[in-house]
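Worksheet: one structure, shown below.
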Amino acid sequence: MGDDISPIRHEQKLADGGHTCKQAPEMLDKGSNLILLKEDLAPNIHLFKLNAPIISNKVRAGQFAIIRIGEKGERIPLTFADWDKEEGSITIIFMKIGTSTHKLALMQPGDSITNVVGPLGIPTNIEKYGTVLCVGGGIGIAPITPIARALKAAGNKVISIIGARGKELLFWEDRLRNISDELIVCTDDGSCGRGVLVTEVLRELCESEQRIDRVFAIGPAIMMKYCAETTRPFGIKTIASLNSIMVDGTGMCGCCRVSVGGQTRFACVDGPEFDAHQVDWDELLSRQCTYIDEESYSLREWRRKQSNTV
Amino acid sequence: MAKLDLNRISMPRQDGKERRNNFNEVALGYSDEQAISEAQRCIQCPKQPCIAGCPVGIDIPGFIKAVIEKDMPEAARILKNKNSLPAICGRVCPQESQCEVVCTLSKKGAPIAIGRLERYVADWERRNKPNIPDADPPEPDGKRVAVVGSGPAGLTAAAELAKLGYRVTIFEGLHMPGGVLMYGIPEFRLPKEIVRAEVDYVISLGVELQLDSLVGKLFTIDELLAVGYDAVFLGTGAGLPMFLNIPGENLNGIYSANEFLTRINLMKAYLFPEYDTPVKIGKKVAVIGGGNVAMDSARCAIRLGADQVYIVYRRSEQEMPARREEVENAREEGIQFKFLTNPKRLIGNEKNWVTGMECLEMELGEPDASGRRRPIAKPGTEFIIELDEAIIALGTTPNPLIASTTSDLETTKYGTVVADKITGKTVKDKVWAGGDVMTGSDTVISAMGAAKRAAADIDDYLKHH
Numbered sequence: 132m133g134d135d136i137s138p139i140r141h142e143q144k145l146a147d148g149g150h151t152c153k154q155a156p157e158m159l160d161k162g163s164n165l166i167l168l169k170e171d172l173a174p175n176i177h178l179f180k181l182n183a184p185i186i187s188n189k190v191r192a193g194q195f196a197i198i199r200i201g202e203k204g205e206r207i208p209l210t211f212a213d214w215d216k217e218e219g220s221i222t223i224i225f226m227k228i229g230t231s232t233h234k235l236a237l238m239q240p241g242d243s244i245t246n247v248v249g250p251l252g253i254p255t256n257i258e259k260y261g262t263v264l265c266v267g268g269g270i271g272i273a274p275i276t277p278i279a280r281a282l283k284a285a286g287n288k289v290i291s292i293i294g295a296r297g298k299e300l301l302f303w304e305d306r307l308r309n310i311s312d313e314l315i316v317c318t319d320d321g322s323c324g325r326g327v328l329v330t331e332v333l334r335e336l337c338e339s340e341q342r343i344d345r346v347f348a349i350g351p352a353i354m355m356k357y358c359a360e361t362t363r364p365f366g367i368k369t370i371a372s373l374n375s376i377m378v379d380g381t382g383m384c385g386c387c388r389v390s391v392g393g394q395t396r397f398a399c400v401d402g403p404e405f406d407a408h409q410v411d412w413d414e415l416l417s418r419q420c421t422y423i424d425e426e427s428y429s430l431r432e433w434r435r436k437q438s439n440t441v
Numbered sequence: 251m252a253k254l255d256l257n258r259i260s261m262p263r264q265d266g267k268e269r270r271n272n273f274n275e276v277a278l279g280y281s282d283e284q285a286i287s288e289a290q291r292c293i294q295c296p297k298q299p300c301i302a303g304c305p306v307g308i309d310i311p312g313f314i315k316a317v318i319e320k321d322m323p324e325a326a327r328i329l330k331n332k333n334s335l336p337a338i339c340g341r342v343c344p345q346e347s348q349c350e351v352v353c354t355l356s357k358k359g360a361p362i363a364i365g366r367l368e369r370y371v372a373d374w375e376r377r378n379k380p381n382i383p384d385a386d387p388p389e390p391d392g393k394r395v396a397v398v399g400s401g402p403a404g405l406t407a408a409a410e411l412a413k414l415g416y417r418v419t420i421f422e423g424l425h426m427p428g429g430v431l432m433y434g435i436p437e438f439r440l441p442k443e444i445v446r447a448e449v450d451y452v453i454s455l456g457v458e459l460q461l462d463s464l465v466g467k468l469f470t471i472d473e474l475l476a477v478g479y480d481a482v483f484l485g486t487g488a489g490l491p492m493f494l495n496i497p498g499e500n501l502n503g504i505y506s507a508n509e510f511l512t513r514i515n516l517m518k519a520y521l522f523p524e525y526d527t528p529v530k531i532g533k534k535v536a537v538i539g540g541g542n543v544a545m546d547s548a549r550c551a552i553r554l555g556a557d558q559v560y561i562v563y564r565r566s567e568q569e570m571p572a573r574r575e576e577v578e579n580a581r582e583e584g585i586q587f588k589f590l591t592n593p594k595r596l597i598g599n600e601k602n603w604v605t606g607m608e609c610l611e612m613e614l615g616e617p618d619a620s621g622r623r624r625p626i627a628k629p630g631t632e633f634i635i636e637l638d639e640a641i642i643a644l645g646t647t648p649n650p651l652i653a654s655t656t657s658d659l660e661t662t663k664y665g666t667v668v669a670d671k672i673t674g675k676t677v678k679d680k681v682w683a684g685g686d687v688m689t690g691s692d693t694v695i696s697a698m699g700a701a702k703r704a705a706a707d708i709d710d711y712l713k714h715h
């Protein structure tokens with residue numbers, strides 16, 4: 132492998148030096164971040180189930196983790212897709228886009244992710260609202276699933292709308308169908324379900340006789356922006372989970388700052404969910420592009436190194 | 251008595267032009283001869299004002315005497331007796347306003363260079379690894395202390411408590427220990443190898459370190475107490491960056507100093523793409539603020555290849571809180587200072603990238619609560635500084651995460667945790683605090699002093715409960 136994807140955590144390294152002695156009570160043991168299961172959901176979309184007992188015990192719908200791969204890796208946020216307290220596991224789903232996600236995709240069951248910290252951010256505010264719409268676009272299908280599940284458990288009527296460019300990029304359709312009272316699937320190319328954008332379905336539902344009490348939208352920022360524009364004229368409160376660039380994820384750096392209702396908020400600690408009608412989407416969209424040149428340069432360099440080592 | 255020697259030995263440093271191009275340490279450290287010459291200047295005065303000037307009360311004349319006698323293991327032992335992190339303090343302590351300012355030779359304008367000698371001894375120890383007979387750690391008595399945060403306060407509290415025989419776990423939210431020593435202070439001022447060595451020392455005392463464990467999220471203080479910790483020390487620092495709250499502040503190309511420095515120091519963005527984390531490299535960079543963090547940010551920007559770097563500060567040079575030494579270093583590296591200048595708004599292009607900063611000229615009025623003369627805007631003096639990157643270094647306040655998730659903990663309107671000024675005891679049972687989380691942004695050594703006092707109070711409490 133071109134880069135060091137070290138499965139060894141710092142603590143263990145220190146332990147190798149004979150320094151550490153175990154003092155924290157067992158129940159505070161963070162676990163190994165060991166990959167228990169890998170599933171390829173789509174050509175570029177992968178699922179990992181990781182051993183992380185305390186996190187699995189703490190996480191609630193809407194929260195995220197920051198992970199780092201290798202000692203030279205960056206910190207990237209990933210929203211939890213699922214967790215299992217009994218098994219002590221958490222599930223993350225990601226799309227292979229940049230260097231970090233390419234590195235991640237190379238990892239296999241038995242490897243450990245160098246660092247996993249979480250649960251971060253404020254959980255989704257789950258209440259009995261009445262009828263709720265859960266919109267998941269692309270990779271956003273993963274994090275919307277536990278939210279839909281929690282909303283259903285709280286007694287809401289849940290209508291889920293999921294969308295992707297094409298059939299091959301859709302996943303967890305069955306899961307969402309089981310959780311939801313109704314599931315509407317759309318693809319841009321019409322290869323599965325309806326051949327329209329999720330916002331089109333959203334508009335139809337807003338216009339229908341049916342009373343909609345709240346909308347939750349997770350997906351690319353541009354999709355969430357248009358979901359907000361769609362529901363705004365109907366005055367339906369809409370919550371979006373922002374995918375800002377982050378570094379520490381704990382409120383330390385302000386990289387993820389975003390204007391909400393004219394005020395600067397940190398997506399990592401004040402969010403990631405905000406009232407979508409109050410978010411300055413154009414600012415978010417432009418801030419997401421800050422490192423576009425560096426990201427493609429980094430990926431090119433990584434690929435070059437990979438091909439040299441093969 | 252021998253004639254007073256007022257020739258303070260200066261510290262060899264990397265040349266200003268050369269160091270603009272690298273992140274290697276600027277101050278190179280004394281040679282053996284230089285250290286001994288400097289130590290020999292100490293008159294070993296009976297009053298020992300330097301000890302009282304040191305927030306952790308190091309026996310300064312004692313370790314200097316050992317240097318003169320070339321008994322380096324003894325010098326190191328004396329230092330470590332009071333200070334668990336001497337290699338760090340020798341580099342980043344503001345000695346000029348602590349031990350050195352009260353030095354008897356200070357009146358003659360040539361105080362002993364205590365910080366440089368401290369660094370010399372600590373570096374000698376790290377390189378030579380003598381077998382210093384550490385006072386045998388007492389048998390662990392079974393009582394557990396949780397230390398939250400692994401910055402200067404946390405490391406010090408952990409070391410002190412471990413030496414007293416307690417079973418200590420440090421919980422650190424980031425993936426590396428060291429706190430601000432790792433993410434904040436740049437390599438050229440405090441090499442990370444040194445931080446790692448000091449952390450290893452603390453761990454060698456039997457302290458357990460649990461990384462990636464954000465207290466307040468993964469578990470709360472109340473949960474730590476519930477699962478069997480007998481006391482908790484909060485050394486969580488002041489990690490929340492302040493912004494200007496002026497228009498345009500969220501444009502692309504504008505960083506908080508915390509973000510800029512974290513990318514560079516913790517994530518090693520200056521080695522991108524070898525390291526994955528990128529950082530933007532501006533051509534014309536303005537750093538807003540006048541403290542050490544502003545100097546660090548400006549000096550990082552110039553090393554990354556910026557053509558022009560300005561420090562924009564609303565008062566005059568006199569009021570700048572940064573250490574003189576760092577201001578001089580910055581100036582030598584080509585940083586330009588714009589004093590009595592206050593930003594009014596940031597201006598961007600059609601792609602939302604920052605292109606300029608509109609500023610106002612200021613003048614100084616009467617002293618304010620901080621004792622410094624208050625800056626007053628001169629109306630109609632607006633002008634624009636062209637730039638393509640701005641770094642906001644206005645200071646930090648404590649992260650509200652712990653206060654907001656802990657029952658019965660009191661905070662001030664500045665977000666600092668309310669605690670006894672001497673002992674660090676908070677109003678919550680079994681919980682102490684020390685360092686920036688209690689005081690707001692302050693120095694490494696003040697945090698260490700507070701942590702030592704808190705550790706002593708925790709010991710006293712645990713002995714009686």
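Top line first, the protein sequences correspond to chains F and V.
Numbers 132 to 441, taken from the working numbering, label the letters of the first sequence in order.
Numbers 251 to 715, taken from the working numbering, label the letters of the second sequence in order.
Each residue gets a CB set at the ideal place from its N, CA and C atoms; glycine is no exception.
With DSSP as the reference, label residue i as helix, strand or coil.
i: F/Pro274; result: helix
i: V/Asp373; result: helix
i: V/Gly404; result: helix
i: F/Phe405; result: strand
i: F/Ile370; result: strand
i: F/Thr362; result: helix
i: V/Leu440; result: coil
i: V/Lys804; result: One cannot answer for residue 804 of chain V here, as it falls past the ends of chain V, which runs 251 to 715.
i: F/Gly392; result: coil
i: V/Pro380; result: coil
Answer with yes or no whether the minimum CB distance from residue i to chain F is below 8 Å.
i: V/Leu424; result: yes
i: V/Glu524; result: yes
i: V/Pro528; result: yes
i: V/Ala697; result: no
i: V/Asp709; result: no
i: V/Gln460; result: yes
i: V/Arg513; result: yes
i: V/Glu346; result: no
i: V/Phe483; result: no
i: V/Ser463; result: yes
i: V/Glu443; result: no
i: V/Ser506; result: yes
i: V/Asn271; result: no
Here's a check: name, in chain order, each residue in its chain whose Cβ is nearer than 8 Å to the Cβ of residue i, leaving out the five neighbours to either side.
i: V/Asp658; result: Val677, Lys678 and Asp679
i: V/Pro571; result: Gly540, Gly541 and Asn542
So the candidates are the options; which of them puts its Cα closest to the Cα of residue i?
i: F/Asn164; options: F/Gln239, F/Gly366, F/Pro174 and F/His233; result: F/Gln239
i: V/Lys275; options: V/Pro571, V/Pro528, V/Glu524 and V/Glu576; result: First, the amino acid is wrong: residue 275 of chain V is Glu here, not Lys. Comparing Cα positions, the closest option is V/Glu576.
i: F/Leu373; options: F/Glu205, F/Thr210 and F/Leu181; result: F/Thr210
i: V/Glu437; options: V/Leu516, V/Lys533 and V/Ala556; result: V/Leu516
i: F/Thr369; options: F/Ala398, F/Cys337 and F/Arg306; result: F/Cys337
i: F/Phe225; options: F/Ala281, F/Ala183 and F/Phe302; result: F/Phe302
i: V/Asn495; options: F/Pro364, F/Ile367, F/Glu360 and F/Thr395; result: F/Thr395
Spatial neighbours of residue i within its chain, please: C-beta separation below 6 Å, excluding the five flanking residues on both sides.
i: F/Lys356; result: Trp412
i: V/Pro380; result: Pro323
i: V/Ser696; result: Pro305
i: V/Gly539; result: Ala643 and Leu644
For chain V, is any of its Cβ atoms less than 8 Å away from the one on residue i?
i: F/Tyr260; result: no
i: F/Thr421; result: yes
i: F/Thr440; result: no
i: F/Asp379; result: yes
i: F/Ser231; result: yes
i: F/Leu237; result: no
Exposed or buried, what is residue i when buried is set at 16 or more other beta-carbons lying within 10 Å of its beta-carbon?
i: F/Arg435; result: exposed
i: F/Ile272; result: buried
i: F/Arg296; result: exposed
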